[in-house]
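Read the structure below first, then the notes.
Protein chains: 2
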Amino acid sequence: MARQGLTRSDIIAAAIEMIESEGLHSFSLRELADRLHIKAASLYNHIKSSDELHTEIGYYAISELKKAQLAAIAGKERSEAIEALADAYYRFGKDRPEIYKVILSLPMVKNDAIHSAGFDIVEPIMTAMAGYHLTREQMMHLQRVFRSIMHGFLSQEEAGCFRQFPVDVADSYRIAVRGFILLLENSEKEARG
Amino acid sequence: MARQGLTRSDIIAAAIEMIESEGLHSFSLRELADRLHIKAASLYNHIKSSDELHTEIGYYAISELKKAQLAAIAGKERSEAIEALADAYYRFGKDRPEIYKVILSLPMVKNDAIHSAGFDIVEPIMTAMAGYHLTREQMMHLQRVFRSIMHGFLSQEEAGCFRQFPVDVADSYRIAVRGFILLLENSEKEARG
DNA sequence: TATTGTATGCTAACACCGTTAGTTTTGTCA
DNA sequence: TGACAAAACTAACGGTGTTAGCATACAATA
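Line by line, the protein sequences give chains X and S. The working numbering applies: residue 2 is where the first sequence begins, and numbers increase by one. The working numbering applies: residue 2 is where the second sequence begins, and numbers increase by one.
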């Protein structure tokens, strides 16, 4: 076999492409190897395990999400910033569902690299909330609430849990975001008084 | 092999036990068969596929969750009912994380039986909100918001996404629930005015 | 230019997974 | 007692991730 000098980056890039087009569920190392015109075992010259590759793709996904969010909130403040942030998050989950799933399935527990990737996820939210007069502690809590709402909404919609009622999902989404903004304003009052 | 006359229920019950003790991730039909002193292929006399078994366990999990929630809100109204509901949901996810994961991984899309199980999930929430003066349409939306918050919070905590900051997760949880109650009260005003 | 070393690829195999087909056993009921 | 259905079996297929050991091509060094 004429060797083609594959690099680790080539492999990760190919894996991302495959996941986006074929779905995370059906992804396998053997298919990835096929696509690269390589035997599956040869992949192990570049990656340590399937898990490691998975983690690497997670980094990529998180950085993409962060990029989209930061671009969305640039120059905006308060409720406008929050709405833009939520929209960017929502759109990412809808436009790139398979890559979004990779983030969800990342085990944040183990290593520190992922831990720092966690901060990448948090940063845009903290920035968007900066216009509100909140204590640092309030922001840490509210950041969790925001992520819960967004992630919960996306994954339930994705799973098909929102088909029981004939009301528009987009309306539910707007109500959810409005709820978070209400909570922000309420927290602001508490911090002031 | 002395036949033991296993039934479908025996198999489902054993699978639930295994998932609760060993984890959903490491569950396999072969281990289940071992535990029942049977060959894996023999399981197919009782179940059609791994997916079907998975779905069956999902029904069980949903009915357990519903039971816990209805018991929690009995005799309560308005914010007290919502808090009790949220607590029951939260406790279920924390006490029985592996069984909770089965609910999450249920593909709500396919069949109608699951569709009706979806209503089982919704019923306690609708009951808890009954004390608020809301339109039927508002309730359908708010039900989705509630589930998003709860599910999002639980799965992010489970995934370890809440370890970035040194603030108490229980406090974040209370703030999230308070946010939902705020949204309920706000929606009520809208409905009235 | 020749050699040596490393990175990249290969083959073969292992242990696991869900699943199917075909066969034997067992218990029950007529 | 004989027949039939349910419950178990064996053997196998194609799929997965992964490891060990071997070949080869390329790049740097003598």
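From the three backbone atoms N, C-alpha and C, an ideal C-beta is built for every residue, glycine too.
Q) Where does the unbroken alpha helix (DSSP H) through X/ALA34 begin, and where does it stop? A) 30-36
(Q) Beta carbons nearer than 9 Å to chain X: which residues of the segment 79-90 of chain S have them? (A) none
Q) Is it buried or exposed for S/TYR188, if we count other Cβ within 10 angstroms and need 16 for buried? A) The identity of residue 188 of chain S in the sequence shown is Ser, whereas the question assumes Tyr. Buried, by the Cβ-count rule.
(Q) Does the contact criterion of 3 or more C-beta pairs under 8 Å hold for the segment 163-182 of chain X versus the segment 131-147 of chain S? (A) yes
**Q.** Euclidean distance between Cα positions of X/GLU81 and S/ARG97
**A.** 39 Å
(Q) Suppose contacts are defined by Cβ-Cβ distances below 8 Å. Is X/VAL103 in contact with X/GLY59 by that definition? (A) yes
Q) Per DSSP, what kind of secondary structure is S/TYR133 in: helix, strand or coil? A) coil
Q) Do X/VAL123 and S/SER173 come within 8 Å of each other at the CB atom, strictly closer than that value? A) no
Q: Note the first and the last residue of the continuous alpha helix (DSSP H) segment covering S/SER173.
A: 170-193
**Q.** X/PRO98, enclosing alpha helix (DSSP H) - first and last residue
**A.** 98-105
Q. Among residues of its own chain, excluding the 5 on either side of X/THR136, which ones have a beta-carbon nearer than 7 Å to its beta-carbon?
A. ALA192
Q. Nearest-angstrom Cα distance between S/GLU1 and S/GLY161?
A. This structure cannot speak to residue 1 of chain S, because chain S is shown only from 2 to 194.
Q: Starting from the C-beta of X/ASN46, find all residues in its chain whose C-beta is less than 6 Å away, skip the five residues before and the five after it, and write them out in chain order.
A: none
(Q) I'd like to know whether the C-beta of X/ARG145 is nearer than 8 Å to at least one C-beta of chain S. (A) yes
Q.
Measuring straight from C-alpha to C-alpha, what distance separates S/GLU53 and S/MET151?
A. 27 Å
Q: Under the assumption that X/ALA72 contacts X/LEU37 (Cβ atoms under 8 Å), give the Cβ distance between them as a whole number of angstroms.
A: With 8 Å as the limit, X/ALA72 and X/LEU37 do not qualify as a contact, their Cβ atoms being about 32 Å apart.
(Q) Buried or exposed for S/ALA87, going by 16 or more other Cβ atoms inside 10 Å? (A) buried
Q | S/PRO167, DSSP secondary structure in three states | A | coil
Q. Which chain S residues are close to X/MET130, counting only those with a beta carbon under 7 Å from its beta carbon?
A. In chain order: nothing, as chain S lies at least about 13 Å away.
Q: Reducing DSSP to helix, strand and coil, say where S/GLU78 ends up.
A: coil
Q) Distance, Cα to Cα, S/MET19 vs X/LEU25? A) 26 Å
Q.
Give me the chain S residues within the contact set of X/ALA192, using Cβ-Cβ distance strictly less than 8 Å, ordered along the chain.
A. The contacting residues do not exist; X/ALA192 stays about 13 Å from chain S at best.
Q. Given that S/SER27 touches chain X, what residues does it touch there, using C-beta distances under 7 Å?
A. Those within 7 Å of S/SER27 in chain X number zero; the least Cβ separation is about 14 Å.
Q: Please classify S/GLN70: does DSSP put it in a helix, a strand, or coil?
A: helix
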